[in-house]
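Engineer:
There are 2 protein chains.
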Amino acid sequence: MKFGGTSMAGTERIRRVARIVQRQQAAGHEVAVVVSAMSGETDRLVNFCREADPLYDPAEYDVVVAAGEQVTSGLLAMHLQALGSKARSWLGWQLPIHTDDAHAKARIESIDSDALLASMAAGEIAVIPGFQGLTGDNRITTLGRGGSDTSAVAVAAAIKADRCDIYTDVDGVYTTDPRIVAKARKLKSVTYEEMLELASVGSKVLQTRSVGLAMKEGVRVQVLSSFIDDDAPAADTIPGTMIVSDEELAKFQEGLDMERQLITGIAADKNEAKVTLTRVPDRPGAVAAIFSPLAAANINVDMIIQNIAKDKGETDVTFTVPGADLARTQALLEGQKEAIGYYRMISDGKVAKISVVGVGMKSHAGVASTMFRSLADRGINIQAISTSEIKVSVLIDEDETELAVRVLHTAYGLDAKDEAA
Amino acid sequence: MKFGGTSMAGTERIRRVARIVQRQQAAGHEVAVVVSAMSGETDRLVNFCREADPLYDPAEYDVVVAAGEQVTSGLLAMHLQALGSKARSWLGWQLPIHTDDAHAKARIESIDSDALLASMAAGEIAVIPGFQGLTGDNRITTLGRGGSDTSAVAVAAAIKADRCDIYTDVDGVYTTDPRIVAKARKLKSVTYEEMLELASVGSKVLQTRSVGLAMKEGVRVQVLSSFIDDDAPAADTIPGTMIVSDEELAKFQEGLDMERQLITGIAADKNEAKVTLTRVPDRPGAVAAIFSPLAAANINVDMIIQNIAKDKGETDVTFTVPGADLARTQALLEGQKEAIGYYRMISDGKVAKISVVGVGMKSHAGVASTMFRSLADRGINIQAISTSEIKVSVLIDEDETELAVRVLHTAYGLDAKDEAA
Chain B
416 MKFGGTSMAG TERIRRVARI VQRQQAAGHE VAVVVSAMSG ETDRLVNFCR
466 EADPLYDPAE YDVVVAAGEQ VTSGLLAMHL QALGSKARSW LGWQLPIHTD
516 DAHAKARIES IDSDALLASM AAGEIAVIPG FQGLTGDNRI TTLGRGGSDT
566 SAVAVAAAIK ADRCDIYTDV DGVYTTDPRI VAKARKLKSV TYEEMLELAS
616 VGSKVLQTRS VGLAMKEGVR VQVLSSFIDD DAPAADTIPG TMIVSDEELA
666 KFQEGLDMER QLITGIAADK NEAKVTLTRV PDRPGAVAAI FSPLAAANIN
716 VDMIIQNIAK DKGETDVTFT VPGADLARTQ ALLEGQKEAI GYYRMISDGK
766 VAKISVVGVG MKSHAGVAST MFRSLADRGI NIQAISTSEI KVSVLIDEDE
816 TELAVRVLHT AYGLDAKDEA A
Chain P
416 MKFGGTSMAG TERIRRVARI VQRQQAAGHE VAVVVSAMSG ETDRLVNFCR
466 EADPLYDPAE YDVVVAAGEQ VTSGLLAMHL QALGSKARSW LGWQLPIHTD
516 DAHAKARIES IDSDALLASM AAGEIAVIPG FQGLTGDNRI TTLGRGGSDT
566 SAVAVAAAIK ADRCDIYTDV DGVYTTDPRI VAKARKLKSV TYEEMLELAS
616 VGSKVLQTRS VGLAMKEGVR VQVLSSFIDD DAPAADTIPG TMIVSDEELA
666 KFQEGLDMER QLITGIAADK NEAKVTLTRV PDRPGAVAAI FSPLAAANIN
716 VDMIIQNIAK DKGETDVTFT VPGADLARTQ ALLEGQKEAI GYYRMISDGK
766 VAKISVVGVG MKSHAGVAST MFRSLADRGI NIQAISTSEI KVSVLIDEDE
816 TELAVRVLHT AYGLDAKDEA A
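So the protein lines, in turn, are chains B and P. Positions 416 to 836 (the working numbering) are the ones given, in order, by the first sequence. Positions 416 to 836 (the working numbering) are the ones given, in order, by the second sequence.
Here it is, written out as structure tokens:
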């Protein structure tokens, strides 16, 4: 079970979490719980670090920010004990959770689970701070913001858990953002691949890394709401969204999800920016000259469109980068103008990427053309297209985001049926 | 060097501390720094624990409260790096600082100093969170409130430091509380024994345990103010108070402290309560019947006066306990009334213990009689007396505390000379 910062914000909320955890134990499960810091606490600690040294040492940053989860793990253990359960905290360095030494963005390498399993088998609920680990030379690491989801999946894999329940602010994964489409439906199940695509295009339910790890390790992840009633039954019977493999999905669809569609969900991401370089020489190496400096600067280029070469041996190259990296991208390419030999750079931060995602499209043609036609019918101009096996993304004007999502949600038959119907 | 919570409260203050530390390094020293949590932080964390479980598990309490010092140690290392020094934090479990497993009040057993010394020899300033350690089975301990002074002395002993500088809210040890006696003088040096007696009778400059440890390990401790000017010279030349052995004291007195008096200081402690049991049977075992249950309940009995047995084979027994333990003491003795066989229990929380302390009294008679006469001359009634080799304490009415301290400060010639004289 994993609880985020909102669920751990203060005594009353931690007590609620303790009751939810205890009920899970009472239902016959051995339980390990991964917790985030109280909401706001990590920001407070990060600010202290920035004030101390704008170019702070990431190793010391990890010492400071890991304290937030240390506090909540100890407190949840106490709350569980107060309710009569046996419980203890296991800090990242105590298990330990081995990571590489990339401080502030470490990757988990392995988790020693012997002591943990012995404690759980003896009836103790294990409380583990998320987000933290230990390097080979005995120093604290953290996994990067949102890393607690990854910790939870890694622990679940290490102890071969039946399930990894991630309690969040939302009660599951929806066909699209319910704030945009009132008729969005909660999905009973999605595949890892779908969840990865949804996460990568702006659905903020789970950290992308955690989904990738779950897929690699075959951990069944359930997303469900931490705002359930205190008296609600154990999580086994609460309908969240299960994230599973393709094979398992078939099983779920049988019993639970008869209405499953070709398309699983629609995501919108407004954090992209579009850059076009005009009249780039159409010769080998020209494209590398553009993207190598961006890669070296750790700027993640997403969609790339190269127009068909014109008569003059020149071509226009358009691509997208995260909006936060636009200024750095512009500065880098300005400096490379001679080397690349382009004519003009045109940037646009007011774009949105709309993606339709679904494993169903592997075996069905026509998904993309439905998308293009539906958008064209409403006069929405497509500026760029990219596709993967289970995703089609288009770049459009940011102002048309909500309209596009609603149009596509209806076009793919995702709208919830009217209750009265 | 050790800095308390007031010195570590926020970015600006930690930066000041970093400058003070760096100046010490610039003066040619290898430096280890022990830090407390930001002032208020430990209280905040303790409150979370109490809210979680009034009977909280001390092992989990230690996990929670140790986070406060973890944060400040990482931050101070960053601040030092920002000023251009090499620095790193060493948490209690990283060194490790080995303690027993008495959670929330652990005792330090040993400190592994090899890695620490190697790091310091390489020019790194070591930043160590105070108050925390590690049990044999790899769990976090804390040393009890105020334990950071003890951590500092223990680290100084482990690395065989030339000196342990403890920066506090005050700029040294005074002949008495300057808020009571305007003419109190700062002492240039005191012995461990004197400091222990002063601490045990209410002088709050240093934690008693830290002084006992310094004496045992022969660590020279300097108390000095953390509120010195940013541009002040390194601590070598700042006049704090040195706490040293008897033998070293002679050396200090020669060069520095020609005006040293028979009596070093006068302390007042209003946190005592007096209990009298009347008509206790005057037979073997009667006194044991009173004090055994108190010892079993961890109640620290200080002064004990047994009046001369009266004709009837009965005696009155008076003793003092910490004011905070008075209610428990009363309840315990109420329950033992039959077993002890006393007639009445009379309690008084409005008493104060006044102590005069000084190694000089070992070789000089008349210290106690000066005390009794001076108090009697002002009409102050003495309710009880206790003495040690270097201390005489009397119990008086709490309302007469300040008067008594001033009278004695003058009587023993401790008043500072008028500047103009």
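Backbone N, C-alpha and C fix where the C-beta goes; we use that ideal spot for every residue, glycine too. If you're wondering where the values come from, they're calculated on a predicted model, not measured in any experiment.
#1: How far does the beta strand (DSSP E) with Val605(B) in it reach, from first residue to last?
#2: Would DSSP call Tyr582(P) helix, strand or coil?
#3: On the criterion of 16 or more Cβ atoms from any shown chain inside 10 Å, does Glu674(P) qualify as buried, or is it exposed?
#4: Can you give me, in chain order, the residues of the stretch 446-460 of chain B that have a beta carbon less than 8 Å from any beta carbon in chain P?
#5: So what's His779(B) in DSSP terms, helix, strand or just coil?
#6: Scan the stretch 710-755 of chain B and note each continuous alpha helix (DSSP H) run of 4 residues or more that stays entirely inside, going in chain order.
#7: What separation, rounded to the nearest whole angstrom, lies between the Cα atoms of Ala842(B) and Trp505(B)?
#8: Could you tell me which residues DSSP pairs with Ser367(P) in its beta bridges?
#9: If we define contact as Cβ-Cβ less than 8 Å, is Gln496(B) a contact residue for chain P?
#10: Report the neighbours of Ser488(P) on chain B: residues whose CB is nearer than 9 Å to its CB, in chain order.
#11: Looking at the C-beta of Ala519(P), does it have a partner C-beta in chain B at a distance below 8 Å?
#12: Run the CB neighbour count on Gly507(P), radius 10 Å, all protein chains shown included, and call it buried at 16 or more, exposed below.
#13: Counting only C-beta atoms, is Phe463(B) closer than 8 Å to chain P at any point?
#14: Can you give me the Cβ contacts of Glu729(P) inside the same chain, cut-off strictly under 7 Å, excluding the 5 residues immediately before and after it?
#15: CB-CB under 7 Å to Ala474(B), same chain, minus the five flanking residues each way: which ones, in chain order?
#16: At a cut of 8 Å, does the stretch 480-489 of chain B reach the stretch 540-553 of chain B through at least three beta carbon pairs?
#17: Quick check on Met493(P) - is its C-beta less than 8 Å from some C-beta in chain B?
#18: Taking the C-alpha atoms as reference points, what is the distance between Lys768(B) and Gly738(B)?
#19: Put Leu692(P) into one of helix, strand or coil per three-state DSSP.
#20: Can you check which of these residues, Asp584(B), Asp586(B), Gly548(B), is closest to Ala569(B) by C-alpha distance?
#21: Please name the residue in Ile800(P), Ala537(P), Thr691(P) whose C-alpha comes closest to that of Ala447(P).
#22: Looking at the structure shown, is Arg600(P) part of a helix, part of a strand, or coil, going by DSSP?
#23: Nearest-angstrom Cα distance between Ser789(B) and Ala819(B)?
#24: Please confirm if Asp527(P) has its CB atom under 8 Å from at least one CB of chain B.
#25: Between which two residues does the alpha helix (DSSP H) carrying Gln622(B) extend?
#26: DSSP puts Gln440(P) in a beta bridge; with which residues?
#27: Judging by CA-CA distance, which residue of Tyr476(P), Met760(P), Val807(P) is the nearest neighbour of Lys777(P)?
#28: What's the gap between the Cα of Arg743(B) and the Cα of Ile761(B)?
#29: Mind pulling the chain B residues with CB within less than 7 Å of Ile512(P)?
#30: Between Gln798(P) and the rest of its own chain, which residues show a CB-CB distance below 6 Å, the 5 nearest in sequence each way excluded?
#31: So, helix, strand or coil for Met657(P), using DSSP?
#32: Would you mind sorting Ser707(B) into buried or exposed? The rule is 16 or more other CB atoms within 10 Å of its CB.
#33: Buried or exposed for Lys603(B), please, with buried defined as at least 16 other CB atoms from any protein chain shown within 10 angstroms of its CB.
#34: Can you tell me the Cα-Cα spacing of Glu749(P) and Tyr758(P), whole angstroms?
#35: Can you check whether the CB of His494(P) is closer than 8 Å to the CB of Ala567(P)?
#36: Counting Cβ pairs, one atom from each stretch, are 3 or more of them under 8 Å apart for the stretch 521-531 of chain B and the stretch 457-468 of chain B?
Structural biologist: Short version:
#1: One-based indexing of the first sequence puts residue 605(B) at position 190. According to the DSSP assignment, Val605(B) belongs to the beta strand (DSSP E) that extends over 604-606.
#2: Counting from 1 along the second sequence, the entry for residue 582(P) is found at position 167. In this structure, Tyr582(P) counts as strand in the three-state DSSP scheme.
#3: Looking up residue 674(P) in the second sequence gives position 259. Since pLDDT at Glu674(P) reaches only 45, below the 50 mark, its modelled position is unreliable, and no value is offered.
#4: Shown in chain order are the members of the stretch 446-460 of chain B whose Cβ falls below 8 Å from a Cβ of chain P: Leu460.
#5: By 1-based counting over the first sequence, the position of residue 779(B) is 364. Looking at His779(B) - three-state DSSP - the assignment turns out to be coil, as it is neither helix nor strand.
#6: You should have 741-750, 752-755.
#7: Nothing in the structure corresponds to residue 842(B), since chain B is present only between 416 and 836.
#8: Residue 367(P) lies beyond the stretch modelled for chain P, which goes from 416 to 836, so this question has no answer here.
#9: Working through the first sequence from its first residue, we reach residue 496(B) at position 81. Yes - at least one Cβ of chain P is within 8 Å of the one on Gln496(B).
#10: Start at 1 with the first residue of the second sequence, and residue 488(P) comes out as number 73. Under the 9 Å cutoff, chain B gives Glu475, Val478, Val479.
#11: For the purposes of this step, residue 519(P) is identified with residue 104 of the second sequence, where counting begins at 1. Under the 8 Å criterion on CB atoms, Ala519(P) is classed as non-interfacial with respect to chain B.
#12: Mapped onto the second sequence, residue 507(P) falls at position 92. With 16 or more other CB atoms across the displayed protein chains lying within 10 angstroms of its CB, Gly507(P) is buried.
#13: Walking along the first sequence from the start, residue 463(B) turns up at place 48. Cβ-Cβ to chain P under 8 Å: yes for Phe463(B).
#14: Here the question's residue 729(P) lines up with position 314 in the second sequence. Around Glu729(P): Arg694, Val695, Pro696, Asp697.
#15: As a first step, residue 474(B) is located in the first sequence; it is residue number 59 there, counting from the start. Only His518, Arg554 meet the Cβ criterion.
#16: The answer is yes - the stretch 540-553 of chain B touches the stretch 480-489 of chain B, with three or more Cβ pairs under 8 Å.
#17: Stepping through the second sequence from its first residue, residue 493(P) is reached at position 78. By this cut-off, Met493(P) is an interface position.
#18: One-based indexing of the first sequence puts residue 768(B) at position 353. One-based indexing of the first sequence puts residue 738(B) at position 323. Computed Cα separation, rounded: 12 Å.
#19: Within the second sequence, numbered from 1, the residue matching residue 692(P) stands at position 277. The answer is strand: DSSP assigns Leu692(P) an E or B state.
#20: Residue mapping note: residue 569(B) aligns to position 154 of the first sequence, counting from 1. Checked all of Asp584(B), Asp586(B), Gly548(B); the closest Cα to Ala569(B) is Gly548(B).
#21: Numbered from 1 along the second sequence, position 32 holds the residue referred to as residue 447(P). Checking every option, the nearest Cα to that of Ala447(P) belongs to Ala537(P).
#22: Along the second sequence, one-based indexing puts residue 600(P) at 185. In the structure shown, Arg600(P) adopts coil according to DSSP, grouped into three states.
#23: By 1-based counting over the first sequence, the position of residue 789(B) is 374. By 1-based counting over the first sequence, the position of residue 819(B) is 404. Here the C-alpha atom of Ser789(B) lies approximately 9 Å from the C-alpha atom of Ala819(B).
#24: Counted from its first residue, the second sequence places residue 527(P) at position 112. So no, Asp527(P) is outside the interface.
#25: Taking the first residue of the first sequence as position 1, residue 622(B) is located at position 207. That residue, Gln622(B), is in no alpha helix (DSSP H); it is neither H nor E in DSSP.
#26: Looking up residue 440(P) in the second sequence gives position 25. For Gln440(P), which the question treats as bridged, DSSP gives no partner whatsoever.
#27: For the purposes of this step, residue 777(P) is identified with residue 362 of the second sequence, where counting begins at 1. Selected option, being the one with the closest Cα: Val807(P).
#28: As a first step, residue 743(B) must be located in the first sequence, where it is residue number 328. As a first step, residue 761(B) must be located in the first sequence, where it is residue number 346. Rounded to the nearest whole angstrom, the C-alpha separation of Arg743(B) and Ile761(B) is 14 Å.
#29: Here residue 512(P) refers to the residue found at position 97 when the second sequence is read from its first residue. None at all; the shortest Cβ gap to chain B is about 14 Å.
#30: Within the second sequence, numbered from 1, the residue matching residue 798(P) stands at position 383. Closer than 6 Å at the Cβ level, and outside the excluded window around Gln798(P), lie Leu810.
#31: Position 242 of the second sequence, counted from the start, is the residue given in the question as residue 657(P). In this structure, Met657(P) counts as strand in the three-state DSSP scheme.
#32: Taking the first sequence and counting its residues from 1, the one referred to as residue 707(B) is at position 292. Burial check for Ser707(B): the Cβ neighbour count within 10 Å stays below 16, so the residue is exposed.
#33: By 1-based counting over the first sequence, the position of residue 603(B) is 188. The residue is buried, with at least 16 neighbouring Cβ atoms inside 10 Å.
#34: The residue labelled residue 749(P) in the question sits at position 334 within the second sequence. The residue labelled residue 758(P) in the question sits at position 343 within the second sequence. Between the alpha carbons of Glu749(P) and Tyr758(P) lies a gap of roughly 11 Å.
#35: Reading the second sequence from its first residue, position 152 is the one you call residue 567(P). Reading the second sequence from its first residue, position 79 is the one you call residue 494(P). Contact: no.
#36: Counting Cβ pairs under 8 Å, fewer than three are found: no touch.
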